[in-house]
Amino acid sequence: MRRALALAALALAACGKLQGTGGIVPPLVTFNVSFTGDLTPLRPVGITETKSLQVGLVWGAQWLTEPFCVLPAESTAAAAVIAAGCRDSYGFVPARVDVSAPVAADGTASLPLFQLPTADVLIGDVTARVAYASLVVYDDRDGNNILSLSRPQRLPSGGDDGPSTSNTPDSADIIYGASFLTMTAPDQRVAYREGAFNTTGAFYPRAGCGAPPPGFSIVAAGGFTPMSALTATLAGTLPQEVPATCAEEPSATIVDVTAQAPSVVDEVGCDERTDDGSSRYREPPVDAPDLTDRVSACAHLSTFETGGLAGFDGGAVDGGAADGGAGLETSIVQFVVSGRSTDRCKGLTHYTLRGCRESVTCALPDWDFTAKPPSWWTCH
Amino acid sequence: MRAVAAVVIALALVRTARAEGPQPFDQLPAVSSRGPLSVDGGLVLALPATWQTGLSTGVGAGVAYGRTFALGVRASWSTSTESSLAWTVSHDDYRLRVTGAVQRAAGRGVFALRLGLGPTMVYEDRVRNQGARAGLTGSALETTALAAMPAGELEAVVTVHVGGPWLMLMSGGPSLLVSDGAWHSGWGTLLSVGWQP
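So the sequences go chain by chain: F and E. Residue numbers for the first sequence follow this note's numbering, so the first one is 1 and each next one is one higher. Residue numbers for the second sequence follow this note's numbering, so the first one is 1 and each next one is one higher.
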């Protein structure tokens, strides 16, 4: 009886601290990064100091390169444009830039995350979806405490219809390293998994490795070769990783990032206007575009890009759209131009004599110069 | 013709209803309450004890003994949930009171002014939003705390003898609570069914 009374008195005197919706908010997860390397020899010309070295979490996009970049080049000129204007088809493409944290003098950084990745970066259905992120080390030269992305710089369009075609200046931020740069090199990436894991999913695949654990984790893969990727794709499978290079670790695992030249790692900070592999076309201007420091070529469009049509007359290539999407050449010619060598991001500008922004074979073209091409047009 | 008939019938019904009028007082169920003891219990609606927002809902019950002056004890539990970007917080408020009331009968009704004093215990449950999806467990996902604070309220109570020993009670009024050295004002109401033999 006395004990009961004592317990009752203790309960009445309980003075725990109520916090309500206030108080310190603990992060959902904290990632740890170790950055090594000397930045001095890696700095671009004209950059003499590091303003604010940060590490940022960048969630990856499900991105497909455009057909011109993956089909065999029809000429050496076209091959030169591909080399100068197409980004790595297996590279990491940013979808959303998340939090950043400063890198300490000893190269370590802790990156707390207070929000889950949003649904737009989770790939898969609601029962099995995953997101991958790269930890990017950069010099925050614009001082906004977040990695600012760049976009490919394109040549102007001849018309003034449709969405703005003006370019956004390259970001001032300089990237010096990333934990996940491309699928063809060893990587360490942040994974966030909800539900089951789809082993056949082709979103930055790690076939041959274990599934990421549920929730946050750090996973690694050794990378595959472009040839093995091509072979696997033709066979309808995913390129295999070497199991010995795989790892599925807890989120507290230290992620090692090595300093690299910005020219090598810049692409991890390059945003893309489209992610479905489609090309965007532009109306040829009256005056010749400025091709200084750009690589250009005349190239035939493939049936991938014309919906199976062989030409503007509407005729179909043998097999047409039913050719299984073999990417046969059509009679439609484009003038394709790469970006400048000084641009942060690689990109292509496609000029066609007839078409719309999203299709060269649209029924009602926004422009049609097939009868009278501009004087500078040399593609026939 | 049909319309005329309908109007006549409707008027007849209205007249019938008017003729019935309110139920005579002596035809209401007889009241058998005679004793000084009353017990009641019902639905509690109140401002959460330590929050100045939201609505705490629950149940409460009490016993009182007396006629013009009545003493009693009461207890109630009510709960409320609020959320922010980071937290979903539930507060369970347990109120224990010793009450004293001054009351006066008027026909079938009793009007009273009731003062209650005693501890209010708040059990707090905080869940980190998105924590389960992120794989958090234990105290990283959910924390609890219990706090007891002195409190009191002054309530107006209206009691109606429905029939036999049964009562219907409504009460409500301001409340005061001391938490972390600060006064928190609030309010509370109770709609309950009582029994007075």
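Don't be surprised by glycine CBs; every beta carbon is placed ideally from N, CA and C.
Item: Alpha helix (DSSP H) segments (min. 4 residues) lying fully within the region 117-186 of chain E; Value: 131-134
Item: contact_flag[the region 130-143 of chain E, the region 151-168 of chain E] where n(CB pairs < 8 Å) is 3 or more; Value: no
Item: DSSP state of Val257/F mapped onto helix, strand, coil; Value: strand
Item: C-beta atoms of Pro117/F and Tyr192/F nearer than 7 Å; Value: yes
Item: C-beta neighbour in chain E for Arg25/F, strict 7 Å; Value: In the sequence as displayed, the identity of residue 25/F is Val instead of Arg. Interface residue, yes.
Item: Expected contact under 8 Å - CB spacing of Val89/E and Thr21/F to nearest Å; Value: 5 Å
Item: Contact set for Trp183/E: own chain, Cβ-Cβ below 7 Å, skip 5 residues either direction; Value: Leu176
Item: Close beta carbons around Ser157/F, own chain, < 8 Å, minus the five adjacent residues each side; Value: Thr165, Arg282, Glu283 and Pro285
Item: Nearest candidate by alpha-carbon position, reference Ala171/E, set Pro36/E, Gly41/E and Ser32/E; Value: First, the residue type needs correcting, since residue 171/E is Ser and not Ala in the sequence shown. That would be Gly41/E, whose Cα lies nearest to the Cα of Ser171/E.
Item: Which of helix, strand or coil DSSP assigns to Cys345/F; Value: coil
Item: Collapsed DSSP secondary structure at Val121/F in the structure displayed; Value: helix
Item: According to DSSP, residues forming a beta bridge with Leu191/E; Value: Leu43/E and Met170/E
Item: Opposing strand residues paired with Asn32/F [DSSP bridges]; Value: Ser110/F and Ile254/F
Item: Buried/exposed call for Thr50/E, threshold 16 Cβ in 10 Å; Value: buried
Item: CB contact below 7 Å: Val360/F versus chain E; Value: no
Item: Min CB distance Leu146/E to chain F below 7 Å; Value: yes
Item: Ser84/E at chain F interface by Cβ criterion, 7 Å; Value: yes
Item: Status (buried if at least 16 other CB within 10 Å, exposed otherwise) for Asn145/F; Value: exposed
Item: Between the CA atoms of Leu348/F and Cys362/F - distance to the nearest angstrom; Value: 21 Å
Item: Interface flag, Gly236/F vs chain E, CB-CB below 7 Å; Value: no
Item: Own chain partners of Lys51/F with C-beta closer than 6 Å, once the 5 adjacent residues on each side are dropped; Value: Asp139 and Arg141
Item: Minimum Cβ-Cβ distance from Leu28/F to chain E less than 7 Å; Value: yes
Item: Cβ-based neighbour list, Thr81/E, same chain, cut-off 6 Å, excluding 5 preceding and 5 following; Value: Ser90
Item: Beta-carbon proximity check, Ser302/F vs Val337/F, cutoff 7 Å; Value: no
Item: DSSP-derived helix/strand/coil call for Asp318/F; Value: With a pLDDT of 42 at Asp318/F, under the threshold of 50, the predicted position of this residue should be treated as unreliable, though the coordinate-derived value follows. Asp318/F falls in the coil class under three-state DSSP.
Item: Length of the line joining the Cα atoms of Asn32/F and Ser110/F; Value: 5 Å
Item: Endpoints, the beta strand (DSSP E) within which Val204/E is located; Value: Residue coverage of chain E in this structure runs from 1 to 197, which leaves residue 204/E outside it and unanswerable.
Item: Within chain F, partners of Leu176/E - CB distance below 7 Å; Value: The premise fails here: Leu176/E is roughly 17 Å from chain F at the closest Cβ pair, so nothing lies under 7 Å.
Item: For Ser263/F, the nearest candidate out of Ala211/F, Thr199/F and Gly177/F (CA to CA); Value: Gly177/F
Item: For Phe68/F, the three-state DSSP class (helix, strand or coil); Value: helix
Item: C-beta neighbour in chain E for Thr21/F, strict 7 Å; Value: yes
Item: Chain E within 7 Å of Gly91/F, Cβ atoms only; Value: no
Item: Cβ of Glu124/E within 7 Å of any chain F Cβ; Value: yes
Item: CB contact below 7 Å: Thr16/F versus chain E; Value: Checking the sequence shown, residue 16/F turns out to be Gly, not Thr. Answer yes: the Cβ-Cβ gap between Gly16/F and chain E drops below 7 Å somewhere.
Item: Where the beta strand (DSSP E) containing Val81/F begins and where it ends; Value: Taken as a continuous stretch (DSSP letters only), Val81/F belongs to no beta strand (DSSP E), being part of the alpha helix (DSSP H) at Thr76 to Gly85.
Item: Near-chain E residues of the region 107-118 of chain F - C-beta to any C-beta below 9 Å; Value: Leu113, Phe114, Gln115 and Leu116
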